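Trainee:
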Amino acid sequence: MPLSKKLNNFDSILNRLKKIFPKSSCIETVHTLQTPYKIYPLIKIVIGNGNFRRALISAGIHGDEPGGIETILSFLENKFYINYMNTWEITLLPCINPYGYEFGTRENHQKKDLNRLFKIENPPLEVFFAQSLLDSQFDLTLELHEDDESSGYYLYQKETNPKYQNLGIEILNSIQEIMPINKDKEIDGSTAHQGIINNDMDLSKMDWWPMALYGLSKGAQVSLTLEAATQYKLSARVKAHLLAITTALGSFK
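As structure tokens, then:
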């Protein structure tokens, strides 16, 4: 049994998804995750299957960051995806780390930070699950995160196509009335400019990769890691993330 106290209920996520798609086959259990507490389904949702553009939106790789999970649920419950049904095939991973979500821990049941393990051999099942999807190549990947030390919203951006280099600026401009932008020159140990971290890095020389860089290595044109500040209410964090998602999808040419 886990040592931590249960804070959230993963089954509530599943129940909300079933209400959104009561008769749909777009929800798929790709793997089942065995933990000392219980068995969890690792699920994906695909909307607009077969469309030309492909996006992957993920949340909950850090279990103590519930805002991204709630954002994906809100994106679906409020049918924000309708505007993109003719253009985008959108794959959503609503909760990559279900154990961490239930017990409010950054790490999984093995006490591993999953977002540091995308370059190792034989990664945890949750990482393998995400990798197996990213291997099929997406135009755009969006990872939804939260930062309990930040004064405002910021993002990491890497792109392989230079015509998308201003996408991060467009996103931050769209949400600045919802949440202040963190304009510190250094954020979480990295150089930042007006809320954007875009390090010029050689992926082959890095000791570890987060999910975003794995997707980039597999051919994503743009990889964005979106960071909402947890000092603001959950409703504001969700609204900011939703605006970031819709701006990214709408601005992609």
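Take the sequence shown: its letter number 62 is residue 134 in my numbering, and every next letter is one higher.
Idealized CB from N, CA, C, for every residue including glycine.
The model shown is predicted, which means the values in this text are computed figures rather than measured ones.
#1: Note down, in chain order, each residue of its chain lying with its Cβ closer than 7 Å to the Cβ of Ile250, except the 5 sequence neighbours on either side.
#2: Between Met73 and Asp185, what straight-line distance do the alpha-carbon atoms span, to the nearest angstrom?
#3: Could you check if Trp283 is buried or exposed, using at least 16 other CB atoms within 10 Å of its CB as the buried criterion?
#4: What runs of the beta strand (DSSP E), each 3 residues or longer, lie entirely inside the segment 98-174?
#5: Output the distance between the C-alpha atoms of Trp281 and Gln237, rounded to the nearest integer angstrom.
#6: From Gly261 to Lys95, what does the alpha carbon distance come to, in whole angstroms?
#7: Under 8 Å, do Tyr173 and Ile141 count as touching if we go by C-beta distance?
#8: Would you identify the three-state DSSP class for Thr302, choosing helix, strand or coil?
#9: Is the distance from the Cβ of Thr104 to the Cβ of Tyr171 below 8 Å?
#10: My output table needs one value for Glu221: the three-state DSSP class, helix, strand or coil.
Mentor: On the basis of the coordinates in this document:
#1: Working through the sequence shown from its first residue, we reach residue 250 at position 178. Around Ile250: Ala308, Lys311, Ala312, Leu315.
#2: On the sequence shown, position 1 is the one that residue 73 refers to. On the sequence shown, position 113 is the one that residue 185 refers to. Since pLDDT at Met73 reaches only 49, below the 50 mark, its modelled position is unreliable, and no value is offered.
#3: The residue labelled residue 283 in the question sits at position 211 within the sequence shown. As written in the sequence, residue 283 is Met, which differs from the Trp given in the question. Counting Cβ neighbours within 10 Å, Met283 comes out buried, since at least 16 surround it.
#4: 99-106, 111-119, 125-131, 160-165
#5: Numbered from its first residue, the sequence shown carries residue 281 at position 209. Numbered from its first residue, the sequence shown carries residue 237 at position 165. Rounded to whole angstroms, Trp281 to Gln237 spans 21 Å at the Cα level.
#6: Numbered from 1 along the sequence shown, position 189 holds the residue referred to as residue 261. Numbered from 1 along the sequence shown, position 23 holds the residue referred to as residue 95. Roughly 46 Å between the two C-alpha positions.
#7: Position 101 of the sequence shown, counted from the first residue, corresponds to residue 173. Position 69 of the sequence shown, counted from the first residue, corresponds to residue 141. Yes; because the gap between Cβ atoms is below 8 Å, this pair is in contact.
#8: Residue mapping note: residue 302 aligns to position 230 of the sequence shown, counting from 1. Thr302 falls in the coil class under three-state DSSP.
#9: Position 32 of the sequence shown holds residue 104. Position 99 of the sequence shown holds residue 171. Going by C-beta atoms, Thr104 is not nearer than 8 Å to Tyr171.
#10: Indexing the sequence shown from 1 puts residue 221 at position 149. Correct three-state label for Glu221: coil.
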